[in-house]
Amino acid sequence: MSAVGTVLAEFKLLLNDLRRGFRRSEIRGGLESAIEILENTPPSDFSNVFIEQQISFVNPLVSCLTLHTPKIYSDAMNCVSKLVIQNLLTMEGYKLLLPEMVSFYEFDEDQFTRNIQVINTILTTPLILEMIKGSLTSVAFSALILYFENSPANIKNSVSVTFPFILKTMADVASNEINDVKVKKGILVEMKEDWAMTNDILNLFKDLQFLSVGVSPEKLTVVTFDPTLCLKLINCILTDYPQLFNIREFNQSLQTLTNILIKHFTLRSQTLTMCYTLVISLLNYSVKIPFSVVVPKAYSEPWEVQSFFAICNNCIHKSPSPERLINCTTTVSGYIENCSPSLYPNVTQILSDVISVATPEDGKLISVIWPCVHYLLTNYQNEDVISMCIPLTMLLLHQKLHTALVAIFTQITKISGIIHGFVGTPISLHCLTTLYTICMTNIGLFGEEEFMIVLPVMEAVGNLSPIPEKLYQFNELPHLIVNELSNESIDLMLHALGHLSRTGSGRYYSREYFTVIRARGDYEGVVHRNIEDLMMFCTKEEWKNMAVDFLVEMLREHLSEGTISVIEQLMCKGNKECVSVVIGVLSSVIESIESEMGGKWGTLLKGIGESSEEKGNIGSSFGVIKQIAGQVSVMAREEVDILIEVVGRYCVQKRDTNVSLSAIQLLWDMMESVDGNIDDEIKDVRVMKILREMKRSIGDERYVIWSGAVQTLLRALGNIMKVVSASCWEQVIEEVLLPVLQEIRSDIYCRVNNVEIVPDLKIEEVKIISFVIPMMREWNDIVVVVLGGLIRLVPSFETFSDTLKKKVYEQLMKYIVVAFFKPTYVTVEAVVKYIEVIKKNTRGDLNVEAIKLERSVAQMIFNNNGINTSLMQMLTNCFKDDENLVTVALGIEAITVFPDDHYLVENNWSIAQQNMITWMSVINKEWSPDERVELGEVMKKCILTLLNLSCPNRRVNDTKWYCLPRLIFISLRWKLEMWDCIKEVIIYCTKHIGEDVSVVYTPTVTLSETREVCLNRLEIGESWEKVKIIGIVFDMNVLMVAPKGSLFDIDNIICGELSQKWMKKVVEWCDSDEFTLEQRISMLDVILENCRFFEFGLKQSIFAYESIVKLMNTNISKELLPKFVVILTKCFDRFKEDEEATVREVCYVMDDVFTVVIDNFGATYPSEVSSLIINEIYKLTIKMILSTNGEVRVSAFAVMKKLSTVILK
């Protein structure tokens, strides 16, 4: 029968069924319509027509299925079966039919079978699957599950086997979708939208997981499915179609599966067996295995335990990833403590397998394994467990898990009993053999902790008698394999031997320690790295001899740079016992190794230098230094530099003062050895290094060291300043001298005054002390020494650049302050010399600063009581070489300073007065106007001070009489404005004429010399100066202060030959064009003023009148006559009848002066000028006619008679 005939027969059968039992015309109508179409369709067009008009054929079938009548349902399903077989249904047809196919179950077993076959056909036919993939695949699979769940038991068993075939068909369809995808190892691909069947399988895989635990699925339309069958289908997908899990979504679903399995294991359902199988399948995928839930519990069945072990074995051998092995081993670790001892062999095998696949890089895994092994060693002392420690040790060593190794070694050692109560049982011998094997193969990786375990084992094995054959040479293993080990391993082993030597009672460790070093080719390097242990051997009495023998052997037989470095390190560790041993060794061998020490002295010296602070060894070590210093001539340049540095360290060490002093002396000796045979560059460098070390000692708190260093340094500077190059000398000054000066300046003050900060010091206010305690005297001695040393160096600074020179001199001048902290005469004298040298060697601003400093020092000396003649003589002698303003001013001030010893030169003046006045008397410098003003003020102050002296010692006070004329001479010579002061001196001398004085010079002599000085100046002075001098010298007002009875002396002075000479000269100058009219009038006034002192009986007054008479016939007569009239009026106004002086003066005027005047002016009378003088004479004379004094009247009548002749004429 054709296809169309078969389908038509089925439709007609359904129509007959409906006609017999149903009256629903719409269903019959649909069938009739479908039959009509089929009847009119040619066989060749059947398929096309059926597919095109699919709905017309499917809808009647759907309607029949929904009637839920067994006969009609069965016939409809038969029709559907025929359509499925002939592949006549389309997507639309399946979409309508599949939901209704499972809507009714009230039929017999055969119908169940037929229905299941229809669904199975749909799901196992690739063409159909290709058509329905997507949404309908889940519907079809759901339909099959529903038939399975609702079918009788005998049918279920047969149906269950169809599911794997369905999965295979679905997988084949899916493989066509993903066939072109190239998968790279370790990289997942993303699910694509057009992979419909692949996505259907994914949804099925997920829904099966949900259904296995009774959770509603996402895509399937069922609510229950046999859990075991679910898990079987899941396992089928996992095992048969692994390629699907290269897709990311599949791979991600595995984690959900893991969680589902955890739930199964937790519920302990009938699915446990399948769960264990699934876990093994999951091992093939990169998913975390839930070892924590599969581990057997106390209530677990034996088969569960074996399943767990099977999982572990599969994990180790099939998929041993590090993470999975860690989880597996961690689970075993937790299980081992609770499992039965009968299972220890199984656990041992698992751990052994894990160790066999573990790599040295699996640190986390190794950290989990070893506690398990340690537990088995503790609780299951089996040879397999002990043997397992050999590979485990290698893993632990690579991971440097030394704590774990110590635990393993300790337990093996404990099992062996070798340390305490060894019994040669097989297990104990196996333990020792295992340790020996481990040491032979892995000792190069041991840490110190492992050595601390195995070395006592070696010692104990060595004590066995006899030693088992397999353990032969176990105790000698350290030195036998030493050359095969790395430096690090050797160091660790030696450190362990050293530690055990300190704690152990036998000599095995110490003996083996030195045997290992000797066996090593580069043993000096080994010792260098393990210097702490060697130092320990040197400090312990029981091993000291062994250490000494070793060091002596090392120096004598294996001398090298490394050997010397070892010695250096031993001395640098600060242990005095060790240093003592080394120093003793050096003392004994130094002479025997001198010839081989070329190029090695430096390293040795560094080590000896480190012992400079060891009090107990410092003397011995410095003795070695001195032995080495004897080789300085043959040492390399670098070695000499180190020697200098080391000696410097001994200079500043605080333990032994004598050693410090010897070290300073040794530096001096080394400086002395710097001669012309050395290259200039080396010479400069060496000198600088020695000086720097000397400089370090300057800061020493011990006075004896400090002073010795200061003196040695300055002495050295003085000796080498002509030895080194100019550039080196500048460097010496800048790097050594200047900082030292600054340090000394602060140091001395702070030590003397017990303070930390040097305050600002005003030199002028410092007091010189005459008594100091011995310590203070020592400090002052140092100051003097330093100043003396610097004086020696100053001339060498001449070649320096201006910048450096300025810097040097500024520091030199700052240092002077140190002398004034608590100065004595000696320190001040040293300062004076010091400043004088600086002054002589500086110019410009520096010289000015030096002069200012000198001024401050001078002021300090001037302000002090207790200064002596020698100090003043030294200071003033320093002034005598300079003619600058400051120095001259200081010299003037020094004149008023007197030493307490009251020594007067020639009983006239002090030494300062003699030096300064004698020096200034020869200074013939043209001072500027400003300088003259300043000097004038200083000179005035000096003269006024002398005038007002009131010292208790009269001899000091009387020195002024000798000084005053000389100071006035100097003042006039320098053209100082001193006129008031000179006048004050003349008045002062006049006032004190006739007084007794304690010196040769008297006020009379001083007055006479003062006037003489002034009068002599008239010969060379300028016009204005002459007028000033004349006004002072011939000022007769001073007579008013003269003591009574001194007029004779004054008359001899004022009317002396020199005075008369210059008075006549003054009269001439009054009529000279050399002077201005104003100056001539001033001189005229002086002459006129001299007239009024006739009352004193001075010849000067008569000379004055005579001079005026002479001047009446000169060019100045016009200015003279009015003034003369005033003088005459005053003369006659002074007249008193009872005063002989006034009578004598009036008579002299009328007899001698009027007569001459009348004769001179009578001829021109009555001219204006003549009338003025004649009339005045008449007025004055007419008054005298009435005088009661006969002499006066006679003179008056004589004048009147003379006048009458002129008037009448």
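Going by our numbering, 1203 is the number at position 346 of the sequence shown; the sequence numbering is gapless.
All C-beta atoms, glycine included, are put in the ideal place defined by N, C-alpha and C.
The structure displayed is predicted, hence computed values, not measured ones.
Limits of the alpha helix (DSSP H) - the one that residue i falls within
| i | result |
| --- | --- |
| F907 | 903-909 |
| N1014 | 1010-1017 |
| N977 | 966-981 |
| S1213 | 1201-1214 |
| D1541 | 1537-1553 |
| N2017 | 2012-2019 |
| G1654 | This sequence places Phe at residue 1654; Gly is not what is there. Per DSSP, F1654 belongs to no alpha helix (DSSP H) and is neither H nor E. |
| A1998 | 1997-2005 |
Reference residue i; option with closest CA among the options
| i | options | result |
| --- | --- | --- |
| F1082 | L1024, Y1004, L945 | Y1004 |
| Q1522 | L1570, R1364, F1826, G1382 | L1570 |
| T1055 | E1997, T1026, L1728, W1881 | T1026 |
| L1129 | Q1112, P1153, E1106, V1144 | P1153 |
| E2002 | D1557, F1654, L1412, S2052 | S2052 |
| D1241 | L1208, L1252, T1134 | L1208 |
| T1986 | T1971, L2029, Q1771 | L2029 |
| E820 | T1726, N1576, R1506 | With the chain covering only 858 through 2066, there is no way to say anything about residue 820. |
| V1714 | L1742, A1676, T1726 | A1676 |
| K1145 | E1161, H1174, L1182 | L1182 |
| I2034 | A1998, L1095, D2008, L1462 | D2008 |
| E2072 | K1956, I1984, N2046 | In this structure the chain extends from 858 to 2066, so residue 2072 is not present and cannot be described. |
| Y1142 | S1110, H1121, K1120 | S1110 |
| H1356 | E1307, P1323, L1337, E1434 | E1307 |
| C1172 | V1151, L1140, S1190 | L1140 |
Residue i in three-state terms, based on DSSP
| i | result |
| --- | --- |
| I942 | helix |
| W1586 | helix |
| I1104 | strand |
| W1525 | helix |
| V1144 | coil |
| V1046 | strand |
| W1766 | strand |
| P1325 | coil |
| S1603 | helix |
| M1492 | coil |
| C1808 | coil |
| Y1156 | coil |
| D1738 | coil |
| V1943 | helix |
| I2042 | coil |
| C921 | helix |
| M1835 | coil |
| P811 | Within the shown structure, residues of the chain are numbered from 858 to 2066, placing residue 811 beyond reach of any answer. |
Proximity below 8 Å, CB of residue i to CB of residue j
| i | j | result |
| --- | --- | --- |
| L922 | E957 | yes |
| P1860 | C1871 | no |
| L1806 | K1797 | no |
| I1887 | D1928 | no |
| S1477 | I1440 | yes |
| L1135 | I1091 | yes |
| V1263 | M1245 | no |
| V1373 | M1403 | no |
| L1742 | L1669 | no |
| M1527 | I1547 | yes |
| R1105 | L1045 | yes |
| N1698 | E1655 | yes |
| V2010 | Y1962 | yes |
Heavy atom of the ligand MG within 7 Å of residue i beta-carbon
| i | result |
| --- | --- |
| S890 | As far as ligands go, the structure on display features none, and thus does not contain the ligand MG. |
4-residue-minimum alpha helix (DSSP H) runs that sit fully inside the stretch 1227-1269, ordered along the chain
DSSP runs (the alpha helix (DSSP H)) wholly in the stretch 1227-1269: 1240-1255.
Length at least 4, wholly inside the stretch 1855-1911: the alpha helix (DSSP H) runs in chain order
Within the stretch 1855-1911, the complete alpha helix (DSSP H) segments of 4 residues or longer fall at 1860-1874, 1880-1890, 1904-1911, listed in chain order.
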